[in-house]
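Student: The letter at position 60 of the sequence shown is residue 60 when you use UniProt numbering, and the numbering goes up by one with no holes. The structure follows.
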Amino acid sequence: MAYSKDELRKMSPAVRELARVQEELQRFSRNLKDAIDELQALEPDSAAREKAREHPTVIDVARDPDL
């Protein structure tokens, strides 16, 4: 939730910082959801899938939880 400049001026410094952190967390959450959606849309080819089975990375596991 974005606050107007007038609302921010009326807040104490601690509440202002809390509002800033809340907005940052919401932005991070949206970015994370977008990244997960992109990873789920990827279909690795068979060679990449075999390599992932031998040495899975976090992204490989995100693409295929069965690794």
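All C-beta atoms, glycine included, are put in the ideal place defined by N, C-alpha and C.
1. Going by DSSP in three states, Asp6 sits in which element: helix, strand or coil?
2. Here's the rule I'm using: 16 or more other beta-carbon atoms within 10 Å means buried, otherwise exposed. How should Arg63 be labelled?
3. Going by beta-carbon coordinates alone, are Glu23 and Ala52 separated by less than 8 Å?
4. Alpha helix (DSSP H) containing Pro56: first to last residue?
5. Taking just the CA atoms, how far does Thr57 sit from Leu39?
6. Considering just the uninterrupted stretch of the alpha helix (DSSP H) at Pro65, what are its terminal residues?
Tutor: So, from the listed chains and residues:
1. The residue you call residue 6 lines up with position 6 of the sequence shown. Three-state result, Asp6: helix.
2. Along the sequence shown, read from residue 1 onward, the residue named residue 63 stands at position 63. Arg63 is buried by the Cβ-count criterion.
3. Working through the sequence shown from its first residue, we reach residue 23 at position 23. Working through the sequence shown from its first residue, we reach residue 52 at position 52. The answer is no: Cβ separation not under 8 Å.
4. Counted from its first residue, the sequence shown places residue 56 at position 56. Unbroken run through Pro56: none, as it is neither H nor E.
5. As a first step, residue 39 is located in the sequence shown; it is residue number 39 there, counting from the start. As a first step, residue 57 is located in the sequence shown; it is residue number 57 there, counting from the start. For Leu39 and Thr57, the distance between alpha carbons rounds to 13 Å.
6. Along the sequence shown, one-based indexing puts residue 65 at 65. No alpha helix (DSSP H) holds Pro65; DSSP gives it neither H nor E.
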